[in-house]
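Encoded as structure tokens, the structure appears first; notes follow it.
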Amino acid sequence: MVCHIVNSKEEKLEAPYLKLYSAGRSPFGKKVIALLNLLKLDYYLLNLDFDKKEQKEPSFLQINPRGKIPVLEHVDSKGNKMIIGESLAILNYIANTFDTKREFSFALDNPLYYDVLEWSVYIATAFDQTKFQQFLQLMTPVEERNPQILSKANADLDIAFGFLEDKLKKNKTGFFVSDHLSILDIVAYPSVTFGPGPIDSEKFPCIQAWIEKMESLKLY
1 MVCHIVNSKE
11 EKLEAPYLKL
21 YSAGRSPFGK
31 KVIALLNLLK
41 LDYYLLNLDF
51 DKKEQKEPSF
61 LQINPRGKIP
71 VLEHVDSKGN
81 KMIIGESLAI
91 LNYIANTFDT
101 KREFSFALDN
111 PLYYDVLEWS
121 VYIATAFDQT
131 KFQQFLQLMT
141 PVEERNPQIL
151 SKANADLDIA
161 FGFLEDKLKK
171 NKTGFFVSDH
181 LSILDIVAYP
191 SVTFGPGPID
201 SEKFPCIQAW
211 IEKMESLKLY
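In the UniProt record's numbering, the protein residues as written are 1 to 220.
This is the structure:
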């Protein structure tokens, strides 16, 4: 596995190749990077500068009109190009294309496929939105914060962490599904650890143990 850093969107690459558009601290980009690394795939990485609004430049909007990262560009040996946005869609594409041994994913006829899908969608929507609301408030100067928004985000996040704690507790393996690392762990890890401050390890011991296990894997 080799990650090649690309410094320009115009840099020409020779097929076949995988090219990931991301941003340095993006939790969504980290999810994709983790799976690429676990599968030991060679890929090119271009980190966009959000301070310069590179994700809104015309050259990138031609790749993703929504102006969002991550985006994966896959060109096969025949020059056929596939461009995919949204981290969950990218992870599924990588899994179905490259995880042929199903080391970290599950086949469509495996019930765990839908378990992973359900929880991945929950994390990517309700959980991430709540985490982001909390993050925005905590990054705002104290005198400018909205106490009601922060209080609701904290309460909602406490409930969300409770869901994840129960999921880990019921599975009894240290992972969210099965007895090994899966895409669900890859989806959850950057989201759970995003933002300031540690979690309440006394209230959520299973999540704390899981975080420590994930940290030891050095996924990115």
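Idealized CB from N, CA, C, for every residue including glycine.
Local conformation of residue i per DSSP, three classes
i           : result
N47         : strand
M214        : helix
V75         : strand
K53         : coil
residue 230 : Residue numbering for the chain in the displayed model covers 1 to 220; residue 230 lies beyond these limits and cannot be assessed.
I186        : helix
G162        : helix
I199        : coil
G67         : coil
V122        : Checking the sequence, you will find Tyr at residue 122 rather than Val. Note: Y122 maps to helix in three-state DSSP.
K81         : strand
Y220        : coil
CA-to-CA distance, residue j to residue i, given in whole angstroms
i           : j    : result
V177        : R66  : 32 Å
K152        : S77  : 51 Å
L181        : T97  : 18 Å
N47         : N64  : 15 Å
Q208        : L168 : 11 Å
D51         : G24  : 12 Å
K101        : L18  : 20 Å
K81         : S191 : 30 Å
H74         : S26  : 20 Å
C206        : E11  : 45 Å
D200        : Q62  : 43 Å
V6          : L157 : 37 Å
E215        : A126 : 24 Å
L217        : F204 : 21 Å
residue 224 : N171 : Any property of residue 224 remains undetermined from this structure, which presents the chain solely from 1 to 220.
P58         : I90  : 22 Å
D179        : E143 : 47 Å
E202        : L117 : 29 Å
Proximity below 8 Å, CB of residue i to CB of residue j
i    : j    : result
L72  : Y44  : no
I69  : Y21  : yes
A160 : T140 : no
L88  : S120 : yes
Y113 : F104 : no
L219 : A34  : yes
G197 : F135 : no
D99  : L36  : no
A15  : G79  : yes
Q137 : R145 : yes
G174 : K213 : yes
V2   : D42  : yes
Residue-chain proximity (residue i, chain C), Cβ-Cβ < 8 Å
i   : result
A15 : This model lacks chain C altogether, as it is built from one protein chain only.
*Using 8 Å as the Cβ pair cut-off and three pairs as the minimum, do the segment 185 to 204 and the segment 18 to 38 touch?*
yes
*Going along the chain, which unbroken runs of the alpha helix (DSSP H) with 4 or more residues stay wholly within the segment 84 to 121?*
87 to 98
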